[in-house]
Every structure is written in structure tokens, then in C-alpha cells.
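Here is the structure we will look at.
Number of protein chains: 2
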Amino acid sequence: MPSKKYHHGDLKNSLIQAGVEILSKEGLGGLSLRKVAARAGVSHSAPYAHFKDRQALIAAISTEGFKKLYTALEAAVLQHADDPRQQLIEGAWSYVQFAMHNIDTFKIMFSGTLEKEKEYPAFVEISRKTFGLVVDVVQACQNAGVLRSASPELMSVSIWGQIHGIVSLALEGQISHGVLDRYSVRDMILFAIDQSAIG
Amino acid sequence: MPSKKYHHGDLKNSLIQAGVEILSKEGLGGLSLRKVAARAGVSHSAPYAHFKDRQALIAAISTEGFKKLYTALEAAVLQHADDPRQQLIEGAWSYVQFAMHNIDTFKIMFSGTLEKEKEYPAFVEISRKTFGLVVDVVQACQNAGVLRSASPELMSVSIWGQIHGIVSLALEGQISHGVLDRYSVRDMILFAIDQSAIG
DNA sequence: ACACTATCTTGACACTGTCAAGATTTTGAC
DNA sequence: GTCAAAATCTTGACAGTGTCAAGATAGTGT
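Line by line, the protein sequences give chains A and B. Note that the first sequence ends on residue 302 in my numbering; no numbers are left out. Note that the second sequence ends on residue 302 in my numbering; no numbers are left out.
In C-alpha cells form, the structure reads like this:
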């Protein structure tokens, strides 16, 4: 239950929102508790009423990011409910889109910035839920004969890993120019999925 | 050319080494210029004679990591010079091993900690070289009929991405327990490679 | 009405990256 | 070899950071 109207009125969400904005404008390096507090118009240690420490704020921002990602994934999946192959392709694409449009949020979600994720149940829960969605799509593809019938979870890790890896390497600038000049990221994703697809 | 014998005697490498050690013991959060300087036995701003700023030190540590990774990859490749399939498998495995034994170094190499990698030519060069090695192995596999004959670079991005993605998700704790209980990371890698391999 | 708790402010501390000024040592030109 | 120039290192300072303690303020439940 979020607080109703204290001195500030739902400061917690304001801080998260301020954090997201600073993150997208200045990157992780520019994200500080004091700056977040200032942007929300409160004193430098007001955040401690809502977040145990800096890590807790980052956990909250990451959790928010996962909710957004989950929503995007779910939308793509629902939009192609009758075509598992399209679910896989557009689901993957929405994953890529999210990463590219929320670069720094994506990074804190998946780059070890958060050190003890197990201490944040909301974070664990939403990321578990997200993986569950991937497994569902993979399973639908297997039932439809689009993907081979191996362990759905192993297949999910394999495919999710592939999408995730390509996006990560691209964001990191690790994909050489020779490749990026000739192929778009979408090309790479389609190619990757084709690799796993049946004939 | 590294310096020979000044006040300290090759302080630059000592700082990098100290950085690597602190990184592996305290993680990225514990890595500070001042701590590195102290560990090398010099004053708090001695590092500025060798590194423009904190980012430059991180770049140097990352570069060192890439050299180590490249060496490991190369060893695996040379050891199976007569069997491209084994080159791919053991090369991938050495990649995984490196990541798991040098977790924090791996993270700073691939997790956007380094913000303007283009400003560090040595870093760019060694990572380019590493990708080149991957392409070579993939091409050998294609010539041997182990992998399909698509664009080698696209195939390389796809396979490298897959290995990289699985490792990243595993390190991040994003692979659910239900999966990790039943399969080792090696299982996942082998499965992933089998996906791309021909029949 | 009143104790209680959540929320927020003020002030402090140690630690950080970075810069400027100066001291010291090595190098290179002569 | 001499000596100016450059590289290396120290000392001291500054602003910004996360975090804690003590107190002020405002809603809560009885």
C-alpha cells in the first residue's frame, strides 16, 4: 500500500521516477541518492525513510523496469495469440526494443549493478514471472512444431540467452562494424531464431 | 614501452594488478583509485601520472581481462586444431570458465561500466581480435560441415551471443532454480551449440 | 486528546574523484 | 658530465557522495 498524503505525498514513487529520469539522462554514473532527493524536492536524507540504502533504490528502479518489460512482452504475445512463431519473433523484438529504448535501465537490470538481488522479493518475483512468459512462448512453439521438442526450460534458456546476448553485445559496442554495417539488429535476431527453428 | 625504474618502478602495472585484486575481493563497488594507490604503496593521487581518471584505470583492467580471455580462447582452439567441433565446444567452455573465475572482471568488460570504450585503442584492438578468433572458429566449423553455411559473421554473432547470453544470465542469477537444479551450465552450453550444429 | 509511528530536516562523518602546487627523480641534448 | 626539461610522485585542498544520529513535523489509532 503506497502512502497517501504525508509531508510530500507518495515520495517513494516520486523518488523512483526521479531515479529513472536521471538514469536516462546521465547514466548510472550520474545516479545518486542526493540528486534523486533534490529532484523530488526533499532533503538529502529523506530517501532513507523509504529505501534502506542506494542498492534498495536501484532494486526499485530495476523492478520497475522489469514490470515495463513484462508488459511489453505480454502485449507482443497477446497480439499474436494464434501464431506461436510470431509470438517468438515479436516477443524477442519487443525485448530488443525495450533494451534499446531504456539502455541504462536495461543495464542495471542485467549487469550486476544490483548486488544481492535475493534480498528484494519484488524483484525476484517479477523476473521469475518474466522468464515464465518466455517458457510459455517456447512451449507453444514446441507444440506447434516451430521449435524442436527438447526440455522447454533448456530451450528457453538457450533462446532467451541468445536474444539477450546479441542485445548485450550490441549495446556494449562489441559487435564489429563489419557486421553492423551490413546487418541490422533485427536481422541478427531473425537469424538467431531461424537457427533454432525447425526447417 | 613500460617505464623501467622510477620512484616506484613500473607503478602502472602495479596499479592494474592491485585493481584486479581489489576487484576480485570486493567487487566493483570496492574499487577506488585511492584504495588502489594505497595497495600499491603510493600516495592517493599518484595514479594520475598514469591514468587520466577512474575510467582509464577501468579500461586498463578490462583490457588486461581481454588479453587473458584471448589467451584462454587461443589455447582451447590450438589444442583441438584438428577438430573444429571441439574447437567450438571447448572454446565456448573456456569463455564460460573465464567468466565464472573472473566474475567481476568479466562484468566490467561486458557490462557498460566502461562508458567511452572508443577512447581506449588497446581495449578496442584486443576485443576486435577476440571476435576475430570466434569468426575463425565458426568458419572452420562451416568448412567442416559442422555449422550451416550462412554469413560467418552473422553466425558468429549468433553463437557468441548465445554463449555470452547464457553466461550473463547465469551470473546474474536470472536462470531459475528449476533449471539450474537439473542442468549444469555446461549442459546449457552444449545444448546451445547443438541447436546451431548440423544434424 | 494523546501517545505512537511514519515522515522529513539538519548536521555531521568518512570516503571518493579530481585538481593545483611543489618536490624528486630520470632522461636527453649538449 | 652538466643541466634544463620531462616524467613521476607527494601534499593539500575542494566538492560530491552514502550513511547515520538527533530532532522536528504531521498523520494514525485508541
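Note that CB positions come from ideal geometry on N, CA and C, so glycine has one too. Note that the structure is predicted; figures quoted are calculated from it, not measured.
From the DSSP output, in three-state form, read off Ala-300/B for me. Collapsing the DSSP output to three states places Ala-300/B in a strand.
By Cβ distance below 6 Å, which residues in the same chain neighbour Ser-230/A in space, the five residues on each side in sequence not counted? Excluding sequence neighbours, Ser-230/A sits near Phe-169.
Indicate whether Arg-251/B and Ile-301/B have their beta-carbon atoms separated by less than 8 Å. Judged by beta-carbon spacing, Ile-301/B lies within the 8 Å limit of Arg-251/B, meaning their Cβ atoms are closer than that value.
Does Ala-243/A get closer than 8 Å to chain B when you measure Cβ to Cβ? Interface criterion not met: the Cβ of Ala-243/A is under 8 Å from no Cβ in chain B.
Taking 8 Å as the threshold, find out whether the stretch 158-178 of chain A comes into contact with the stretch 230-247 of chain B through three or more Cβ pairs. As far as the Cβ criterion goes, the stretch 158-178 of chain A does not touch the stretch 230-247 of chain B, which means the pair count is below three.
Which residues in the same chain have their Cβ closer than 7 Å to the Cβ of His-183/B, if we skip the five residues on either side of it in sequence? For His-183/B, where only same-chain residues beyond five positions count, the Cβ hits under 7 Å are Gln-189, Gln-190, Glu-193.
Can you give me the C-alpha to C-alpha distance between Leu-118/B and Ser-254/B, rounded to a whole angstrom? For Leu-118/B and Ser-254/B, the distance between alpha carbons rounds to 42 Å.
Residues of the stretch 111-133 of chain B in Cβ contact with chain A at a cutoff of 9 Å, in chain order, please. Cβ contacts with chain A come from Gly-130, Leu-131, Gly-132.
C-alpha distance - Ala-162/A paired with Lys-221/A, whole-angstrom precision: Taking the straight line from one Cα to the other gives about 10 Å.
Which same chain residues end up closer than 8 Å to Lys-210/A when comparing Cβ atoms and leaving out the 5 residues on each side of it in sequence? Here the set comprises Leu-131, Thr-216, Leu-274.
Euclidean distance between Cα positions of Arg-289/A and His-111/A: Answer to the nearest angstrom: the Cα atoms are 44 Å apart.
Could you tell me if Gly-281/A is buried or exposed, where buried requires 16 or more neighbouring beta carbons within 10 angstroms of its beta carbon? Classification for Gly-281/A: exposed.
Thinking just about the alpha-carbon of each residue, which of Tyr-198/B, Ser-279/B, Lys-155/B is nearest to the one in Val-237/A? Ranked by Cα distance from Val-237/A, the first of Tyr-198/B, Ser-279/B, Lys-155/B is Ser-279/B.
Rounded to whole angstroms, what is the Cα-Cα separation between Arg-285/A and Ser-271/A? Rounded to whole angstroms, Arg-285/A to Ser-271/A spans 19 Å at the Cα level.
Please report the distance separating the alpha-carbon of Gln-265/A from that of Leu-257/B. Roughly 13 Å between the two C-alpha positions.
I'd like to confirm the pairing. Which residues does DSSP put opposite Leu-250/A in its beta bridges? Paired residue(s): Ala-300/A.
Within 8 Å (strictly less), CB to CB, does Arg-231/B reach chain A? For Arg-231/B, the nearest beta carbon of chain A is closer than 8 Å to its own beta carbon.
Contacts that Met-203/A makes with chain B (C-beta to C-beta distance below 8 Å): In chain order: nothing, as chain B lies at least about 13 Å away.
Local conformation of Tyr-286/B per DSSP, three classes: The answer is coil: DSSP assigns Tyr-286/B none of H, G, I, E or B.
Determine the contact status of Leu-114/B and Val-139/B, defining contact as a CB-CB distance below 8 Å. No; because the gap between Cβ atoms is not below 8 Å, this pair is not in contact.
Closest Cα partner of Thr-262/B within the set Gln-277/B, Ala-121/B, Met-291/B: Per the sequence shown, residue 262/B should be read as Ile rather than Thr. Comparing alpha carbon positions, the residue from Gln-277/B, Ala-121/B, Met-291/B closest to Ile-262/B is Met-291/B.
Let me see if you follow: with CB-CB separation under 8 Å, is Val-240/B close to chain A or not? Using a Cβ-Cβ cut-off of 8 Å, Val-240/B does not count as an interface residue toward chain A, since no Cβ of chain A sits closer than that to its own.
CB of Ala-121/A within 8 Å of CB of Arg-142/A, strictly: Between Ala-121/A and Arg-142/A, the CB-CB gap stays under 8 Å.
For His-111/A, report the span of its alpha helix (DSSP H) as first-last. Note, His-111/A: premise wrong, no alpha helix (DSSP H); not H, not E.
Using the rule of at least 16 other Cβ atoms within 10 Å of the residue's Cβ for burial, across every protein chain shown, is His-267/B buried or exposed? Buried is the call here.
Out of Gly-133/B, Ser-127/B, Thr-166/B, Lys-128/B, point me to the one whose CA is closest to Asn-116/B's CA. Taking only the C-alpha atoms, the option nearest Asn-116/B is Thr-166/B.
Below-8 Å beta-carbon distance, Leu-257/B vs any chain A residue: Taking 8 Å as the threshold, the shortest C-beta distance from Leu-257/B to chain A falls below it.
Determine, for Tyr-198/A, whether the minimum Cβ-Cβ distance to residues of chain B falls below 8 Å. For Tyr-198/A, the nearest beta carbon of chain B is not closer than 8 Å to its own beta carbon.
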